[in-house]
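The structure appears right after this line, and notes come after that.
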Amino acid sequence: MRFFSVEEASRLVPLLTKTFGRVRPWVERVQKLAEVLDGPEAPPDTLEVRSFREERDELLERIRGELGPLQEMGLEIKGADGLVDFHARRGEEPVYLCWRYGENAVAHWHDLKAGFSGRRPIDSPDDFEPTYLS
């Protein structure tokens, strides 16, 4: 497992911004299709419904294709609309560095169990050291 420093994580922000800039419209479309297909007033199985399912499945595959390489780099995608965590160590404590689409740098962190609602600003980037484990 790879642990990131604040600097290493922030160097990935341009790539993340570009990737999620492409993916976010697809995510929105999938959500709209899901509302139609899975909603309380879902239409009966028709040619149009099958077309919606095919479009949804194709978009989901495209999203996976874009986000997969990020996951292979050791990033955790917490939201396909642009929420990413990076494994890090704050002293001896494993934590996440946290980035959200639209932010210019990785400037927050949280405990492993706290999630997004527990985000705290990074006071000193030097508190987070990279470590490489096989």
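Under the working numbering, the residues of the sequence shown are numbered 316 to 449, in order. Even glycine gets a Cβ: it sits at the ideal position worked out from N, Cα and C.
*I392 bridges to which residues according to DSSP?*
Here residue 392 refers to the residue found at position 77 of the sequence shown. Looking at the DSSP assignment, I392 forms a beta bridge with V399.
*Can you check DSSP and say which residues form a bridge with L412?*
As a first step, residue 412 must be located in the sequence shown, where it is residue number 97. L412 pairs with F401 and W424.
*asked:* Quick check: the region 400-407 against the region 329-338, are at least 3 beta-carbon pairs closer than 8 Å?
replied: Under the 8 Å Cβ criterion, the region 329-338 does not count as touching the region 400-407, having fewer than three qualifying pairs.
*Closer than 7 Å by C-beta to F367: which residues in its own chain qualify, once you throw out the five before and the five after it? Chain order, please.*
What you label residue 367 is simply residue 52 of the sequence shown in a count that begins at 1. The answer, listed in chain order, is L348, V351 and L352.
*By Cβ distance, which residues of its chain are closer than 8 Å to E381, with the 5 residues on each side in sequence left out?*
Counting from 1 along the sequence shown, the entry for residue 381 is found at position 66. The answer, listed in chain order, is T334, R337 and V338.
_Under DSSP, the alpha helix (DSSP H) around D372 begins and ends at which residues?_
Position 57 of the sequence shown holds residue 372. Run containing D372: L362 to E387, per the alpha helix (DSSP H) assignment.
*When W414, L330 and F318 are compared against P384, the one with the closest alpha-carbon*: As a first step, residue 384 is located in the sequence shown; it is residue number 69 there, counting from the start. The residue with the shortest Cα to Cα distance from P384 is L330.
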